[in-house]
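Participant: Attaching a single structure in structure tokens format; questions to follow.
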Amino acid sequence: MERRSFLKASAALGCAATITGCKTSSDDANVVPPKPPVVEEVQTWSACLVNCGSNCPVKVFSSDGVITRVETDHETTDEYGVNHQIRACARGRSLKQRTYAPDRLKTPMKRVGKRGEGKFVPISWDEAASTIASELQRIASEYGNKSILKHYGTGAYYGFSSSACFNRILNLNGGFLNIYGNYSWAQQNEAAAATGFSSTSGSNLLALKDSDLFIGLGYNPSEMRQSGSGEGYDFLNALQSNNNLEVIMIDPRYTDSMVGKEDQWLAIRPGTDAAFAEAVAYEMISSGWVDKHSKAFLDKFCVGYDKASLEQLITDFKASGDDSKLQYIPYIKPEDNYKDYILGEGKFVDKGARTPQWAAKVCGIPEAKIKTIATKIMNARAPFIVTGAGVNRHANGEQAMRACYMLSFLTGKVGQPGVSNGALPQQGSLSRSGLSGLANPVKEQISFFTWAEAIERGHEMTARNDGVRKTEDLDTPLGADVKAIFAINSNALINQHSDCNGTAKILEDDNKCELIVVCDCWMTPSAKFADILLPDTSWLESNDLVNDSYASGIMGYLVAMKAGIEPLWECKSMYDMCALIAEKMGKLGEYTEGKDEAAWLEELYQKTRTYSNNANAEPALPATYAEAQDIGVFRAFNGTAKLALDSYINGGKALGTPSGKVEIYSLSMALKGTEWNFNDKVKGDYITAIPQYQQTWEGYEDEDTKEDYPLQLVGFHTKGRTHSSYHNVPWLREAVEDAVWMNPIDAQARGLTQGVKVQVWNDRGTIELPVRVTPRVAPGVAALGQGAWYQPDTNRTGPSGHIVDVGGCINTLTRYQPSPLAKGNPQHTNRVQIAKA
Ligand SMILES: Nc1nc2c(c(=O)[nH]1)N[C@H]1C(S)=C(S)[C@@H](COP(=O)(O)OP(=O)(O)OC[C@H]3O[C@@H](n4cnc5c(=O)[nH]c(N)nc54)[C@H](O)[C@@H]3O)O[C@H]1N2
Ligand SMILES: Nc1nc2c(c(=O)[nH]1)N[C@H]1C(S)=C(S)[C@@H](COP(=O)(O)OP(=O)(O)OC[C@H]3O[C@@H](n4cnc5c(=O)[nH]c(N)nc54)[C@H](O)[C@@H]3O)O[C@H]1N2
Ligand code: SF4
Ligand SMILES: [Mo]
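Oh and the sequence shown: position 787 is 786 in numbering that gives the first Met the number 0, straight run, nothing missing.
Below is the structure:
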């Protein structure tokens with residue numbers, strides 16, 4: 000506020016004070032405040048649809064077709080568990096700024112300059128639609144449908160007018176190359192499935208009431224699940240309602256999930272959780288505790304703990320005569336068991352025991368502390384361990400997750416009240432029916448992360464070498480390079496994928512990938528790489544039906560969204576723009592199935608009404624969609640504690656693993672570890688059947704990069720954005736500083752003081768941004784919130800020899816190197832150097 004307006008405002012306040020009886024002698028009291036303009040506001044319900052795990056409802060106030068303000072839900076009681084409020088975080092509350100941001104895409108555009116240069120001219124919708132339709136037909140007939148890729152993208156969790164509209168037109172054109180996995184949980188999904196979990200979730204946070212020890216590894220719900228009804232709020236309430244709970248948090252950063260809520264913070268080095276977990280296991284096993292307390296549990300529910308269990312498995316599989324089991328026998332190696340590995344016995348004698356003394360040197364947590372934690376776990380009545388997905392987004396993410404999961408099983412208490420299995424907390428949800436993307440005639444799948452590699456060598460990618468799925472056999476090549484990309488509500492073309500500079504080089508060559516279509520609302524770094532740019536309507540301009548999304552905490556909800564304003568400029572909803580493309584393809588009838596937006600929403604709503612888990616929603620779902628839109632929000636809190644692996648351990652239902660049990664020794668990993676090809680030159684590129692700490696490229700112990708790049712750089716999901724979404728909102732840039740965190744010890748060694756501008760670099764690029772000197776990050780580690788927009792300053796080259804990214808995007812520094820099993824993104828594994836800019 001300028002000083003002058005501040006004085007005016009204080010004057011107005013002074014006046015108000017007189018009215019309420021407070022005598023003032025100041026002349027200011029005589030100033031008459033300006034009358035606020037009379038505006039007739041209309042209120043509608045919308046929602047924030049980013050990928051943060053929630054879809055918080057927001058109240059949109061508008062007047063004469065202009066949004067006047069955005070408020071959060073405060074319809075119900077604030078009492079936790081009584082269908083409480085779903086308060087939007089700072090991001091959702093800034094939606095007016097985001098909707099009217101100057102960089103909104105206003106018309107369809109086509110590229111005129113070099114690809115990636117960001118030069119466009121406006122075109123009509125007619126031209127955009129016919130170009131896309133004819134290019135789709137050309138590319139499919141020249142290169143085959145496997146050369147068309149719909150990119151990973153999570154910017155808008157619509158139910159109706161979602162990116163599924165693009166699936167419809169791509170499928171009506173004969174299909175497209177599928178992707179499996181995702182940037183969030185690739186390694187964790189594989190680790191959980193290999194171990195025997197049917198999903199990535201364990202007990203819910205309501206079960207914490209029965210626990211006496213909570214251990215969170217890379218678990219940060221207060222920052223990454225910020226919804227007012229989200230997991231962060233569940234966590235807070237769970238801690239507050241259990242006075243007997245000891246809370247230990249293990250993270251390279253002192254996160255907002257701590258700040259007083261924890262009893263102990265253990266600052267671990269990134270990528271070393273497996274070493275820590277193995278040392279805890281060593282204490283539990285070598286002391287004889289496991290033999291005494293949990294051997295019976297391990298024998299009954301798990302395979303691979305010791306040699307005898309694997310020998311027994313071979314006997315059982317032989318006796319079964321079942322081919323699906325017999326195929327694994329050659330891969331079962333009893334000498335590769337977990338107990339011998341941890342104790343350094345049998346086959347593992349040369350490797351040595353996984354002692355706390357060994358682990359302390361690797362993970363940075365002192366030996367004595369590791370021993371104390373082991374004792375606490377052994378003494379706990381009901382240990383509840385959670386491994387967050389930060390641990391999975393590493394070069395060795397699969398085995399890091401599995402190593403942490405083992406601790407719960409070693410206690411022999413999984414299935415008991417207050418105990419979890421090491422996975423993420425289970426969530427509640429209401430269900431909604433969404434628009435179908437239609438069936439895809441193409442069956443082959445590549446890992447989501449390997450798409451840019453598939454532009455260059457898709458034709459030769461195979462299952463054995465690259466993790467291609469649904470091919471004839473391990474060696475059948477995919478047979479097509481990626482020639483067309485549809486990046487729909489995605490900034491993963493550049494910003495969110497690894498190695499921005501390297502990816503930009505691949506994309507710049509329009510002889511390789513011949514068509515890039517981007518559909519977004521803003522001119523993002525990925526949008527700059529489009530050939531055709533399609534401007535979408537924003538959430539506040541949309542009618543839709545959404546649920547609470549996939550990780551919104553224990554309470555589930557539905558939001559019937561109603562457009563507060565008309566589509567701005569020439570923006571169209573994804574449903575409408577794809578209808579235009581379908582029309583040019585001659586497939587309009589198949590696309591619409593004869594329905595318009597209102598008819599679709601009514602149909603999806605009527606299906607949604609029939610779902611049994613929506614029956615307890617409050618208020619009850621009314622008869623028509625229009626009535627639902629007037630009410631806006633429907634919610635249901637299910638207050639039951641849910642236990643991990645309950646149906647297996649307490650209900651006798653077999654697990655989905657080949658053995659039907661918890662696989663400490665994973666049979667599918669044993670098979671892939673033997674049959675797949677790996678790259679000897681990539682440190683850590685191998686798969687073992689039991690979880691083992693893996694030294695990796697650019698890990699803490701990587702001698703090859705230690706000298707040039709002495710700091711480990713870990714990313715995190717910041718409050719200031721959801722990924723790259725909301726980066727262009729000035730309020731948020733002010734509220735949450737984008738700076739690289741550095742421990743005072745490392746800063747002093749480099750002569751860096753608070754707030755100075757630094758360069759952070761490695762072989763892949765250089766970024767420039769301020770430094771935040773803080774003991775909230777472990778020594779030897781730098782931390783940076785991910786998602787800032789890549790902004791190469793073409794006039795300057797950094798120490799890496801690349802153009803300096805003054806946007807400070809962490810992916811300018813991350814490496815494209817698929818992880819061994821999931822072929823997933825190792826974006827938290829990086830080494831860098833930092834110096835004053
Ligand atoms: N280094 C590093 N990189 C990471 C991660 C990390 O931890 N570290 N995390 C990874 C993870 S977990 C994920 S999930 C990915 C996320 O990567 P993305 O799925 O790309 O997510 P966002 O960055 O949110 O980008 C979404 C895009 O959708 C656009 N958008 C928003 N609303 C709308 C809309 O209504 N309509 C349309 N058409 N577009 C819209 C936004 O402007 C934005 O360009 O990033 C990954 N990248
Ligand atoms: N505000 C906000 N919320 C979000 C998102 C966002 O961008 N912003 N993104 C959403 C999405 S799509 C996802 S997938 C989730 C991501 O959720 P997470 O994967 O849980 O998020 P991260 O911040 O990557 O990691 C969580 C914590 O792990 C720590 N960590 C990193 N490496 C290691 C390690 O090797 N060991 C240990 N012990 N800790 C480690 C980080 O410091 C961080 O505090 O968040 C969701 N929520
Ligand atoms: S970013 Fe997530 S928590 Fe924040 S308002 Fe949007 S949906 Fe809610
Ligand atoms: Mo994610």
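Every residue gets a Cβ at the ideal spot worked out from N, C-alpha and C, and that includes glycine.
Please determine whether the Cβ atom of Y685 lies at a distance below 7 angstroms from any heavy atom of ligand 4.
Facilitator: No, ligand 4 has no heavy atom inside 7 angstroms of this Cβ.
Participant: What are the boundary residues of the alpha helix (DSSP H) that includes M584?
Facilitator: Run containing M584: M573 to M584, per the alpha helix (DSSP H) assignment.
Participant: Just the C-alpha distance for L839 and G764, rounded to the nearest angstrom, thanks.
Facilitator: With the chain represented from 0 up to 836, any question about residue 839 goes unanswered, as that position is not in the structure.
Participant: Would the beta-carbon of P329 fall within 8 angstroms of that of E310?
Facilitator: No; because the gap between Cβ atoms is not below 8 angstroms, this pair is not in contact.
Participant: Does the separation of the CB atoms of L169 and S293 fall below 8 angstroms?
Facilitator: Contact: no.
Participant: Here's the rule: buried if 16 or more other CB atoms are within 10 angstroms of the residue's CB, otherwise exposed. What is P819?
Facilitator: It counts as buried.
Participant: Going by the DSSP bridge assignment, what does K58 pair with across the sheet?
Facilitator: According to DSSP, K58 bridges with W44 and E70.
Participant: Please report the residue range of the alpha helix (DSSP H) in which Y327 lies.
Facilitator: No alpha helix (DSSP H) holds Y327; DSSP gives it neither H nor E.
Participant: Beta carbon of I531: closer than 7 angstroms to some heavy atom of ligand 1?
Facilitator: No; taking the cut-off as 7 angstroms, the Cβ of I531 has no heavy atom of ligand 1 nearer than that.
Participant: By how many angstroms is the C-alpha of P709 removed from the C-alpha of M522?
Facilitator: Roughly 36 angstroms separates the two Cα atoms.
Participant: How many angstroms separate the CA atom of G433 from the CA atom of G174?
Facilitator: One C-alpha to the other measures close to 20 angstroms.
Participant: What do you get for T502, buried or exposed, if any count of 16 or more other CB atoms within 10 angstroms of its CB means buried?
Facilitator: Its Cβ being crowded by 16 or more others within 10 Å, T502 is buried.
Participant: Report yes if the CB atom of G436 is closer than 8 angstroms to the CB atom of R167, and no otherwise.
Facilitator: In this structure, R167 lies closer than 8 angstroms to G436 by Cβ.
Participant: Is F119 helix, strand or coil when you go by DSSP?
Facilitator: Of the three classes helix, strand and coil, the one that applies to F119 here is strand, per DSSP.
Participant: Return yes when the C-beta of S183 is under 7 angstroms from any heavy atom of ligand 4, and no when it is not.
Facilitator: Yes, the Cβ of S183 comes within 7 angstroms of a heavy atom of ligand 4.
Participant: Assuming W730 and R775 are in contact, meaning their beta carbons sit under 8 angstroms apart, how far apart are those beta carbons, in whole angstroms?
Facilitator: With 8 angstroms as the limit, W730 and R775 do not qualify as a contact, their Cβ atoms being about 24 angstroms apart.
Participant: Rank S646, I648, D629 and L544 by C-alpha distance to the C-alpha of Q605 and give the top, closest one.
Facilitator: The option with the nearest alpha carbon to Q605 is L544.
Participant: Out of T67, N219, H83 and V31, state which residue places its alpha-carbon closest to the alpha-carbon of T98.
Facilitator: Ranking T67, N219, H83 and V31 by Cα distance to T98 puts T67 first.
Participant: Curious, which full-length alpha helix (DSSP H) runs of at least 4 residues does the segment 354 to 398 contain?
Facilitator: Segments of the alpha helix (DSSP H) lying fully in the segment 354 to 398: 355 to 362 and 366 to 378.
Participant: Over what stretch of residues does the alpha helix (DSSP H) that includes L423 continue unbroken?
Facilitator: Segment L423 to Q425 is the beta strand (DSSP E) holding L423; no alpha helix (DSSP H) there.
Participant: If contacts are defined as beta-carbon pairs under 8 angstroms, then I369 and A278 qualify, I think. What distance do you get, rounded to the angstrom?
Facilitator: With a Cβ gap of about 5 angstroms, I369 and A278 count as contacting.
Participant: Just to confirm, is the Cβ distance from G227 to F528 under 8 angstroms?
Facilitator: Contact: no.
Participant: Determine the direct distance from the alpha carbon of Q495 to that of P440, and round the result to whole angstroms.
Facilitator: Taking the straight line joining both Cα atoms gives about 29 angstroms.
Participant: Using the beta-carbon count (16 or more within 10 Å), is S198 buried or exposed?
Facilitator: With fewer than 16 Cβ atoms within 10 Å of its Cβ, S198 is classed as exposed.
Participant: Considering only heavy atoms of ligand 1, does any lie closer than 7 angstroms to the CB of W521?
Facilitator: W521 Cβ: within cutoff of ligand 1.
Participant: Report the rounded CA-to-CA distance for K22 versus P33, giving the unit in angstroms.
Facilitator: In this prediction, K22 has a pLDDT of 41, which is less than 50 and means its spatial position is unreliable; nothing more can be read from the coordinates.
Participant: Would you give the residue range spanned by the beta strand (DSSP E) that D233 belongs to?
Facilitator: Careful: D233 lies outside any beta strand (DSSP E), inside the alpha helix (DSSP H) at E230 to Q239.
Participant: Please report the distance separating the alpha-carbon of Y692 from that of A273.
Facilitator: Computed Cα separation, rounded: 5 angstroms.
Participant: In angstroms with no decimal places, state the Cα-to-Cα distance between D349 and A280.
Facilitator: Looking at the two C-alpha atoms, the distance is approximately 19 angstroms.
Participant: Quick check on this structure: which residue in P382, Q398 and R380 has the alpha carbon closest to the alpha carbon of A388?
Facilitator: Measuring from the Cα of A388, the nearest candidate turns out to be Q398.
Participant: Excluding the 5 residues flanking S799 on each side, which residues of the same chain have their C-beta closer than 6 angstroms to its C-beta?
Facilitator: Counting only Cβ-Cβ distances below 6 angstroms, and skipping sequence neighbours, we find W760, G764 and T765.
Participant: Along the chain, where does the alpha helix (DSSP H) containing R608 start, and where does it finish?
Facilitator: Its alpha helix (DSSP H) spans residues E596 to T609.
Participant: Which two residues bound the contiguous alpha helix (DSSP H) that contains S837?
Facilitator: This structure does not reach residue 837, given that the chain is present from 0 up to 836, and the question cannot be answered.
Participant: Taking the Cβ atom as the reference point for each residue, do P524 and I484 lie within a distance shorter than 8 angstroms?
Facilitator: Contact flag unset, no.
Participant: Quick one: what's V246 bridged to in DSSP?
Facilitator: F213.
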